[in-house]
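Undergrad:
There are 2 protein chains.
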Amino acid sequence: MEKVKLGDVAKQAGVSPTTVSRVLNNRGYISEETKTKVRDAMDTLNYFPNEVARSLFGNKTNLVGLLFPNVTNPFYGEMVSELESILSSQGYKALICNTFNNEKKEEEYLRMLLANQVDGIIVGSRNRPCDIYQSTNLPIVAIDRFVSEKIPIIRSDNYTGACLASEYLHEANCRNIVHVTGSTTQEMEKGDMRLRGYIDTMLKLEREPQIFQVGFDEDDDYQRLKVDEFLNLNPDTDGVFAAGDTLAGIINTCAKRKSLDIEIVGYDGTSTFLNLCGGISTIHQPINEMASIAVETLLGAISGVYCEDNKEYVLPVTFIKRRY
Amino acid sequence: MEKVKLGDVAKQAGVSPTTVSRVLNNRGYISEETKTKVRDAMDTLNYFPNEVARSLFGNKTNLVGLLFPNVTNPFYGEMVSELESILSSQGYKALICNTFNNEKKEEEYLRMLLANQVDGIIVGSRNRPCDIYQSTNLPIVAIDRFVSEKIPIIRSDNYTGACLASEYLHEANCRNIVHVTGSTTQEMEKGDMRLRGYIDTMLKLEREPQIFQVGFDEDDDYQRLKVDEFLNLNPDTDGVFAAGDTLAGIINTCAKRKSLDIEIVGYDGTSTFLNLCGGISTIHQPINEMASIAVETLLGAISGVYCEDNKEYVLPVTFIKRRY
DNA sequence: TTGTATATGTCAACCGATTGACATATACGA
DNA sequence: TCGTATATGTCAATCGGTTGACATATACAA
Numbered sequence: 011m012e013k014v015k016l017g018d019v020a021k022q023a024g025v026s027p028t029t030v031s032r033v034l035n036n037r038g039y040i041s042e043e044t045k046t047k048v049r050d051a052m053d054t055l056n057y058f059p060n061e062v063a064r065s066l067f068g069n070k071t072n073l074v075g076l077l078f079p080n081v082t083n084p085f086y087g088e089m090v091s092e093l094e095s096i097l098s099s100q101g102y103k104a105l106i107c108n109t110f111n112n113e114k115k116e117e118e119y120l121r122m123l124l125a126n127q128v129d130g131i132i133v134g135s136r137n138r139p140c141d142i143y144q145s146t147n148l149p150i151v152a153i154d155r156f157v158s159e160k161i162p163i164i165r166s167d168n169y170t171g172a173c174l175a176s177e178y179l180h181e182a183n184c185r186n187i188v189h190v191t192g193s194t195t196q197e198m199e200k201g202d203m204r205l206r207g208y209i210d211t212m213l214k215l216e217r218e219p220q221i222f223q224v225g226f227d228e229d230d231d232y233q234r235l236k237v238d239e240f241l242n243l244n245p246d247t248d249g250v251f252a253a254g255d256t257l258a259g260i261i262n263t264c265a266k267r268k269s270l271d272i273e274i275v276g277y278d279g280t281s282t283f284l285n286l287c288g289g290i291s292t293i294h295q296p297i298n299e300m301a302s303i304a305v306e307t308l309l310g311a312i313s314g315v316y317c318e319d320n321k322e323y324v325l326p327v328t329f330i331k332r333r334y
Numbered sequence: 011m012e013k014v015k016l017g018d019v020a021k022q023a024g025v026s027p028t029t030v031s032r033v034l035n036n037r038g039y040i041s042e043e044t045k046t047k048v049r050d051a052m053d054t055l056n057y058f059p060n061e062v063a064r065s066l067f068g069n070k071t072n073l074v075g076l077l078f079p080n081v082t083n084p085f086y087g088e089m090v091s092e093l094e095s096i097l098s099s100q101g102y103k104a105l106i107c108n109t110f111n112n113e114k115k116e117e118e119y120l121r122m123l124l125a126n127q128v129d130g131i132i133v134g135s136r137n138r139p140c141d142i143y144q145s146t147n148l149p150i151v152a153i154d155r156f157v158s159e160k161i162p163i164i165r166s167d168n169y170t171g172a173c174l175a176s177e178y179l180h181e182a183n184c185r186n187i188v189h190v191t192g193s194t195t196q197e198m199e200k201g202d203m204r205l206r207g208y209i210d211t212m213l214k215l216e217r218e219p220q221i222f223q224v225g226f227d228e229d230d231d232y233q234r235l236k237v238d239e240f241l242n243l244n245p246d247t248d249g250v251f252a253a254g255d256t257l258a259g260i261i262n263t264c265a266k267r268k269s270l271d272i273e274i275v276g277y278d279g280t281s282t283f284l285n286l287c288g289g290i291s292t293i294h295q296p297i298n299e300m301a302s303i304a305v306e307t308l309l310g311a312i313s314g315v316y317c318e319d320n321k322e323y324v325l326p327v328t329f330i331k332r333r334y
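Note that the protein sequences, when read in sequence, are chains A and B.
Residue 334 is where the first sequence ends in my numbering, and the numbering goes up by one at each step.
Residue 334 is where the second sequence ends in my numbering, and the numbering goes up by one at each step.
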């Protein structure tokens with residue numbers, strides 16, 4: 011059972027290879043009769059063209075790389091799922107890359123994607139941008155991350171979201187409102203708008219901002235430990251704005267175990283979170299819209315549409331109040 | 011800034027293209043000196059070989075297709091994440107495909123994967139297996155799903171898991187224990203071992219099994235509605251074995267909103283679930299081990315290792331008791 | 001001195017499909 | 001009857017890298 015190729019189809023249909031190619035690509039003149047003959051031959055032989063060969067010749071792979079920290083995180087999971095669906099509907103294929111926020115991995119993946127001649131990249135990883143991004147002119151769009159002036163960013167309105175969350179906690183009469191973040195100090199200094207929104211809101215309300223840094227994104231156990239420790243030291247905490255839903259869930263669990271009554275607001279609002287944590291409020295990011303715009307922008311760039319420098323798409327968020 | 015190719019490197023290094031290729035592939039005799047010269051040239055030109063061309067000639071793409079319903083579901087998300095990580099560490103790339111349990115989509119994706127000359131496929135989608143699986147001799151492994159006699163299955167011990175869950179609920183003195191499943195009737199008849207384990211346990215305990223079918227996997231809102239309805243009609247339900255964690259979360263939320271006290275046991279035990287639902291017990295599937303075995307088996311098949319018919323790897327589950 | 005391992009080059013075929021150039025043939029309307 | 005649109009074939013180059021065959025040259029050990 012060897013691989014069927016274009017020549018075999020030609021023989022089967024009794025036409026020339028060129029004619030088969032013409033049918034395949036709808037070029038030149040072909041009679042309906044011949045088309046049918048060729049299509050029948052393809053069916054009986056169970057033929058489909060070798061995309062690798064086509065890619066090589068055409069210098070187009072219809073492949074897009076998705077660089078994200080980890081699809082285990084529901085936000086990235088839903089984002090990647092949505093991106094893939096849209097890409098697929100447009101005839102593109104998605105190469106998935108879990109960088110685990112590891113700079114070296116991100117660089118390796120990038121190299122791999124370039125070597126595989128992807129037509130574009132969508133990046134949501136949270137590393138320090140590396141040189142390769144500068145040296146390539148491959149179409150790239152970023153999700154909630156600055157990569158370079160040339161690369162458009164799609165993000166939700168982190169600042170407003172943080173304000174909404176903080177205001178809600180204030181109005182819920184929380185006395186000690188803490189912002190818990192998984193960001194690194196570097197990220198926080200570089201313009202963490204969720205942090206900024208929280209601080210500004212607190213100051214506007216003439217309250218003291220209190221920030222708790224819980225360490226890296228991906229190490230759940232470590233985060234759990236740190237949160238536990240924090241709550242031991244600050245048992246009077248009664249309001250938390252968590253920078254992400256996973257964090258919100260962890261805090262919730264810790265609090266419940268300690269029988270602390272804490273009003274929590276998360277960030278992301280994935281369907282997974284809404285299914286699993288019916289009792290926690292959150293700021294909902296419009297993942298579907300973000301994915302749509304990301305793909306649209308990327309495919310635009312691929313087909314040569316110019317995108318101005320420092321372009322940013324900031325999408326509105328919504329506050330989702332939940333309680334049992 | 012045109013694409014750098016092998017010939018350019020040859021010129022830069024002052025050697026023949028063949029020599030560059032030899033360096034690249036470590037073949038024949040090359041002096042250390044020449045190797046360095048060539049490598050330097052590759053560095054200065056920022057060259058990397060075109061994998062598409064290599065794939066075409068070598069008839070090997072190092073590409074693996076991952077066919078799963080939806081990475082939005084934490085189980086599939088973590089599975090895909092783990093599979094990708096392992097594959098990546100072995101020099102393979104992962105093409106992600108969300109079938110949404112849609113038969114037509116699965117078939118299209120399959121065709122696409124074949125056309126793209128993937129070296130193998132890992133399938134966890136829950137459709138009726140289609141013809142293509144029979145007609146190809148591409149290496150394939152399945153996660154918790156029967157595809158054909160030729161295709162090995164990796165799964166967790168669904169039966170034992172269901173027994174553990176059911177026994178726990180019994181010992182917790184639940185009076186009305188229901189099994190809630192997202193399976194279709196067809197799937198249930200075809201050997202749903204979670205269902206089977208539940209029924210057998212109930213019968214062994216001389217109790218009446220009660221099954222509630224909540225409809226398709228992926229439509230959360232519909233499931234929420236159905237669960238709500240069910241709890242209205244059966245407010246005396248005080249124990250639930252849910253066939254998946256997402257379902258468990260939905261049930262939990264509904265119950266809390268109705269102030270019903272229901273002991274729930276889910277199935278999957280993903281880290282996402284454990285983070286978000288600290289209060290619900292579950293049966294933990296060893297996702298990492300399953301992924302390891304799946305990749306190992308697949309890469310074995312790719313390199314020609316024979317796999318006996320009807321091979322099944324059944325991995326042990328663990329009961330995770332949780333409460334706030 | 002001869003044989004062999006090492007080192008590099010040239011050349012052409014190949015992976016599978018695409019495409020442009022060019023030839024040829026039929027049918028049909030002007 | 002001529003011109004043109006339609007229809008199909010042949011042939012070779014191309015995409016970028018790989019590989020086998022073969023030539024050649026140096027160095028070193030037997």
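Ideal placement from N, C-alpha and C gives every residue a C-beta, glycine not left out.
Tell me the DSSP secondary structure of Gln144/A in three-state form.
TA: In the first sequence, the residue the question calls residue 144/A occupies position 134. Reduced to three states, the DSSP call for Gln144/A is helix.
Undergrad: Quick check on DSSP: helix, strand or coil for Glu177/A?
TA: Residue 177/A sits at position 167 when you count from the first residue of the first sequence. Three-state result, Glu177/A: helix.
Undergrad: Roughly how far, in whole angstroms, is the beta-carbon of Glu4/B from the beta-carbon of Ile106/A, given that I think they are within contact range, below 8 angstroms?
TA: Because chain B is modelled from 11 through 334, residue 4/B falls outside the range shown and cannot be assessed.
Undergrad: Do you know how far the Cα of Leu73/A is from the Cα of Ser65/A?
TA: In the first sequence, counting from the first residue as 1, residue 65/A sits at position 55. In the first sequence, counting from the first residue as 1, residue 73/A sits at position 63. Looking at the two C-alpha atoms, the distance is approximately 10 angstroms.
Undergrad: Please tell me whether Leu148/A and Tyr119/A are closer than 7 angstroms, where the distance is taken between their beta carbons.
TA: One-based indexing of the first sequence puts residue 148/A at position 138. One-based indexing of the first sequence puts residue 119/A at position 109. For Leu148/A and Tyr119/A, no; Cβs fall outside 7 angstroms.
Undergrad: Which first and last residues belong to the alpha helix (DSSP H) in which Tyr323/A is found?
TA: Taking the first sequence and counting its residues from 1, the one referred to as residue 323/A is at position 313. First-last for Tyr323/A: Glu322 to Leu325, but that is the beta strand (DSSP E), not the alpha helix (DSSP H).
Undergrad: Name the DSSP bridge partner or partners of Asn108/B?
TA: Here residue 108/B is taken as the residue at index 98 of the second sequence, counted from 1. Listed as beta-bridge partners of Asn108/B by DSSP are Phe78/B.
Undergrad: Would Tyr327/B count as contacting chain A if we go by Cβ distances under 7 angstroms?
TA: In the second sequence, residue 327/B corresponds to position 317, counting from 1. Sequence check: residue 327/B is Val here, not Tyr. It does not; no Cβ of chain A falls within 7 angstroms.
Undergrad: At the level of alpha carbons, what is the spacing between Ile274/B and Thr256/B?
TA: Walking along the second sequence from the start, residue 274/B turns up at place 264. Walking along the second sequence from the start, residue 256/B turns up at place 246. Cα to Cα, the separation comes out at about 12 angstroms.
Undergrad: When DSSP labels each residue in this structure, what does Thr292/A get in the three-state scheme?
TA: One-based indexing of the first sequence puts residue 292/A at position 282. Strand.
Undergrad: Is the shortest distance between the beta-carbon of Gly259/B and the beta-carbons of chain A less than 7 angstroms?
TA: Taking the second sequence and counting its residues from 1, one reaches residue 259/B at position 249. Gly259/B counts as touching chain A.
Undergrad: Quick one: Cα of Asn186/A to Cα of Leu215/A, how far?
TA: Along the first sequence, read from residue 1 onward, the residue named residue 186/A stands at position 176. Along the first sequence, read from residue 1 onward, the residue named residue 215/A stands at position 205. Rounded to whole angstroms, Asn186/A to Leu215/A spans 13 angstroms at the Cα level.
Undergrad: Find the nearest neighbour of Asp246/B within the set Asn80/B, Lys200/B, Ala20/B and Cys184/B, judged by alpha-carbon distance.
TA: The residue you call residue 246/B lines up with position 236 of the second sequence. Nearest option by C-alpha distance: Cys184/B.
Undergrad: Taking beta-carbon pairs under 7 angstroms, can you tell me which members of the region 82-94 of chain A lie near chain B?
TA: Thr82, Pro84, Gly87, Glu88, Val90, Ser91 and Glu94
Undergrad: What's the call for Glu88/B, buried or exposed, on a 16-neighbour Cβ count within 10 Å?
TA: Sequence index remark: in the second sequence, residue 88/B carries index 78 (1-based). Result: buried.
Undergrad: Ordered along the chain, which non-local residues of its own chain (more than five positions away) have a Cβ less than 7 angstroms from that of Glu177/B?
TA: Against the second sequence, residue 177/B aligns to sequence position 167. Within the same chain, and ignoring the five residues on either side of Glu177/B in sequence, the residues whose Cβ sits closer than 7 angstroms to its Cβ are Thr211.
Undergrad: List the residues of chain A whose Cβ lies closer than 8 angstroms to the Cβ of Phe58/B, in chain order.
TA: For the purposes of this step, residue 58/B is taken as the residue at position 48 of the second sequence. Per Cβ cutoff of 8 angstroms: Arg121, Leu124 and Ala125.
Undergrad: Are the beta-carbon atoms belonging to Ala304/B and Val151/B less than 7 angstroms from one another?
TA: Reading the second sequence from its first residue, position 294 is the one you call residue 304/B. Reading the second sequence from its first residue, position 141 is the one you call residue 151/B. Yes, the pair counts as a contact, with Cβ atoms nearer than the cut-off.
Undergrad: Would you mind telling me which residues of chain A sit closer than 8 angstroms to Ala63/B, beta carbon to beta carbon, in chain order?
TA: Locating residue 63/B in the second sequence gives position 53, where the first residue counts as 1. Those are Leu66, listed as they occur along chain A.
Undergrad: Check Arg64/A in the structure and name its three-state DSSP category.
TA: Residue 64/A sits at position 54 when you count from the first residue of the first sequence. Here Arg64/A sits in helix by DSSP.
Undergrad: Measuring straight from C-alpha to C-alpha, what distance separates Arg206/B and Asn168/B?
TA: As a working note, residue 206/B is residue 196 in the second sequence. As a working note, residue 168/B is residue 158 in the second sequence. Using only the alpha carbons, I get a separation of about 9 angstroms.
Undergrad: Determine the extent of the beta strand (DSSP E) in which Tyr232/A is found, giving its start and end residues.
TA: The count along the first sequence starts at 1 and reaches residue 232/A at position 222. Per DSSP, Tyr232/A belongs to no beta strand (DSSP E); it is in the alpha helix (DSSP H), Asp230 to Leu243.
Undergrad: How about Val188/A and Phe156/A: are their beta carbons less than 7 angstroms apart?
TA: On the first sequence, residue 188/A is found 178 positions in, with the first residue counted as 1. On the first sequence, residue 156/A is found 146 positions in, with the first residue counted as 1. Not in contact: Val188/A and Phe156/A (Cβ atoms no closer than 7 angstroms).
Undergrad: Is it true that the CB of Ala23/A sits closer than 7 angstroms to the CB of Tyr63/A?
TA: The count along the first sequence starts at 1 and reaches residue 63/A at position 53. The count along the first sequence starts at 1 and reaches residue 23/A at position 13. For the record, residue 63/A in the displayed sequence is Ala; it is not Tyr. For Ala63/A and Ala23/A, no; Cβs fall outside 7 angstroms.
Undergrad: Excluding five sequence neighbours on each side, which residues of the same chain lie with their C-beta closer than 6 angstroms to the C-beta of Tyr208/B?
TA: Within the second sequence, the letter at position 198 stands for residue 208/B. Cβ within range, chain order: Ala172, Ser176, His189 and Phe251.
Undergrad: Taking 6 angstroms as the cut-off, is the CB of Asp231/B close to at least one heavy atom of the ligand ATP?
TA: By its list of ligands, the structure shown contains no ligand whatsoever, and the ligand ATP lies outside what it can speak to.
Undergrad: Pull out every residue of the region 276-291 of chain B whose Cβ sits closer than 7 angstroms to any Cβ of chain A, in chain order.
TA: Ser281, Thr282, Phe283, Asn285, Leu286, Cys287, Gly288 and Gly289
Undergrad: At 4 residues or longer, and completely inside the region 265-321 of chain B: list those alpha helix (DSSP H) runs for me, N to C.
TA: 281-286 and 297-312
Undergrad: Within the same chain, show all residues whose beta-carbon is closer than 6 angstroms to that of Met203/B, passing over the 5 residues directly before and after it, in chain order.
TA: Here residue 203/B corresponds to residue number 193 of the second sequence, with the count starting at 1. Around Met203/B: Asn168 and Tyr169.
Undergrad: Three Cβ pairs or more, each shorter than 8 angstroms: is that satisfied between the region 275-293 of chain B and the region 312-332 of chain B?
TA: yes
Undergrad: I need the straight-line Cα distance from Glu116/A to Leu308/A, nearest angstrom please.
TA: Sequence index remark: in the first sequence, residue 116/A carries index 106 (1-based). Sequence index remark: in the first sequence, residue 308/A carries index 298 (1-based). Taking the straight line joining both Cα atoms gives about 19 angstroms.
Undergrad: Between Tyr334/B and chain A, is there a C-beta pair that is closer than 7 angstroms?
TA: In the second sequence, residue 334/B corresponds to position 324, counting from 1. Yes, Tyr334/B counts as interfacial toward chain A.
Undergrad: How many angstroms separate the CA atom of Asp154/B from the CA atom of Gly225/A?
TA: Counting from one through the second sequence, the residue named residue 154/B turns up at place 144. Counting from one through the first sequence, the residue named residue 225/A turns up at place 215. C-alpha separation (whole angstroms): 36 angstroms.
Undergrad: Using the beta-carbon of each residue, which ones in chain B are nearer than 8 angstroms to Thr256/A?
TA: Within the first sequence, the letter at position 246 stands for residue 256/A. Those are Thr282, Asn285 and Leu286, listed as they occur along chain B.
Undergrad: Measuring alpha carbon to alpha carbon, tell me which residue in Gln220/A, Asn126/A and Tyr143/A is nearest Asn69/A.
TA: Here residue 69/A corresponds to residue number 59 of the first sequence, with the count starting at 1. For the residues Gln220/A, Asn126/A and Tyr143/A, the minimum Cα distance to Asn69/A belongs to Asn126/A.
Undergrad: When you compare only the Cα positions, how much space is there between Asn108/A and Pro84/B?
TA: Within the first sequence, residue 108/A is the residue found at index 98, counting from 1. Within the second sequence, residue 84/B is the residue found at index 74, counting from 1. Each residue's alpha carbon lies about 15 angstroms from the other.
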